[in-house]
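So the sequence lines, in the order shown, correspond to chains A and B. Numbering of the first sequence is given in the numbering used here, commencing with residue -5 and proceeding in unit increments. Numbering of the second sequence is given in the numbering used here, commencing with residue 482 and proceeding in unit increments. No residue lacks a Cβ here, since even glycine has one placed at the ideal position from N, Cα and C. Computed from a prediction, not measured in an experiment: that's the story for all the values here. Just below is one structure, and these are the notes that go with it.
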Amino acid sequence: MPWYGVSLNTEMNTRAIAGNDGERTATAAETSAREAAIIARILAGERELFHELIRPYERGLYVAAYSILQNEADAEDVAQESVIKAYKGLKSFRGDAKFSTWLIAITLNEARSRLRQTKGDQLDSLDDCDEDRGDYTPSVLADWRYIPSEQLERKELRQALQEAIARLSPEHREVLILRDVRGMSITETAEATGVNEGLVKVRLFRARLSMQKLLVPQLAPKQRGLMGWLTRKAGGR
Amino acid sequence: MKIDCRHVWSQVSDYIDGTVTPQEREAIERHLANCRHCSAVMDSTRNILVLVGDKRTFEVPVGFGERLHNRLQESMNEQKRGE
Chain A
-5 MPWYGVSLNT EMNTRAIAGN DGERTATAAE TSAREAAIIA RILAGERELF
45 HELIRPYERG LYVAAYSILQ NEADAEDVAQ ESVIKAYKGL KSFRGDAKFS
95 TWLIAITLNE ARSRLRQTKG DQLDSLDDCD EDRGDYTPSV LADWRYIPSE
145 QLERKELRQA LQEAIARLSP EHREVLILRD VRGMSITETA EATGVNEGLV
195 KVRLFRARLS MQKLLVPQLA PKQRGLMGWL TRKAGGR
Chain B
482 MKIDCRHVWS QVSDYIDGTV TPQEREAIER HLANCRHCSA VMDSTRNILV
532 LVGDKRTFEV PVGFGERLHN RLQESMNEQK RGE
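Laid out in structure tokens, this is it:
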């Protein structure tokens, strides 16, 4: 967990497991070893175990697909197709990357392919082929009052976040979702998206600063009366 | 090392990820201690990432898991029949 306390979703990296000394968190190595053993059993004929293998990651597959497609029905369909593709192609999983990274990579490819079918070549954005961070100006303010996560119970705040994410380019959305929502490392994000780590960092920088720039003007003026603002927009909860 | 606001903004993401050098970190922190604007940029970016990373921000459709496993099972059954 990074020092700065961003509560990244770490389900890709750690799993809660029960032991004699109570519940503890499995390390990435333990998870990989456990998954390798399950994969071997599936390939030996215990096919039903594939359900258990993917269960921890199914939410992540949906979110990854949604990050590209921005449509619930398509994201669900792509997540399903990706799981079937992974099942049929399990023999080709070599274990060089984590199983979860491999699964996400399949999903991203499926989602990109779906998007190409619907939007043609518009997907091939060239906005950041180089690794230049450019001259990026965030939304500058004098102070920021922390918005606690409990405020996410309010639909309006969730909507504001989702709308800001939707305004990012597909490439920026991908890395933001994988790194900051899924909690994948820079290396895993690079493996899943098929670009180098330098480009992942540049895209992440741009995505995060864009989010700041899009959301601060909306949220900061309302912070002192955030509860009132949210209530007014919701017409009550 | 003395740095300006623009330099701090260019390092916000790496600083949050903890991938800046110790010297760079020290310079950024010295700057943040004296610049409330950059401090607010850093705080707001971190805060937004905390909110984005929360499970409540992206909810899967109701019944998603069940439909996923049903479709997978259908595919498994089809494969079995074909063998």
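Asked, Found
"Is S143 of chain A close to chain B? Criterion is C-beta to C-beta, closer than 8 Å.", "yes"
"In chain B, which residues lie with their C-beta within 7 Å of the C-beta of L146 of chain A?", "L532, D535, R537, T538"
"Distance check for K561 of chain B and L120 of chain A, CA to CA, integer angstroms please.", "In this prediction, L120 of chain A has a pLDDT of 43, which is less than 50 and means its spatial position is unreliable; what the coordinates show is noted afterwards. Whole-angstrom Cα-Cα distance: 44 Å."
"Tell me the rounded alpha-carbon separation between E42 of chain A and I529 of chain B.", "40 Å"
"Going along the chain, which residues of the segment 510 to 526 of chain B sit with their C-beta nearer than 7 Å to a C-beta in chain A?", "R517, H518, A521, V522, D524, S525, T526"
"Beta carbons nearer than 9 Å to chain B: which residues of the segment 85 to 99 of chain A have them?", "none"
"Can you find the residues in the same chain that come closer than 8 Å, C-beta to C-beta, to M482 of chain B, ignoring five residues on each side of it along the sequence?", "Q504, E505, E507, A508"
"Give a yes or no on whether 8 Å exceeds the smallest Cβ distance from R506 of chain B to chain A.", "no"
"Which term fits E191 of chain A, buried or exposed, when burial requires 16 or more other beta carbons within 10 angstroms of its beta carbon?", "exposed"
"Is the beta carbon of V194 of chain A less than 8 Å from the beta carbon of I171 of chain A?", "no"
"Report the three-state DSSP secondary structure of A20 of chain A (helix, strand or coil).", "strand"
"DSSP state of S163 of chain A, grouped into three classes?", "coil"
"Just the C-alpha distance for G89 of chain A and E24 of chain A, rounded to the nearest angstrom, thanks.", "14 Å"
"By Cβ distance, which residues of its chain are closer than 6 Å to L209 of chain A, with the 5 residues on each side in sequence left out?", "A158"
"Is the beta carbon of Y51 of chain A closer than 8 Å to that of S556 of chain B?", "no"
"Between the C-alpha atoms of I484 of chain B and W490 of chain B, what's the straight-line distance to the nearest angstrom?", "11 Å"
"So, does the CB of Q311 of chain A fall closer than 8 Å to a CB anywhere in chain B?", "Chain A is shown only over -5 to 231; residue 311 of chain A falls outside these bounds and no answer can be derived."
"Could you check whether the Cβ of N7 of chain A sits closer than 8 Å to any Cβ belonging to chain B?", "Here the model assigns N7 of chain A a pLDDT of 38, short of 50, so the residue's position is not dependable, and the following value carries that caveat. False, the Cβ-Cβ gap to chain B never drops below 8 Å."
"Does any residue of chain A have a CB that is nearer than 8 Å to the CB of V541 of chain B?", "yes"
"How many angstroms separate the CA atom of F539 of chain B from the CA atom of S86 of chain A?", "31 Å"
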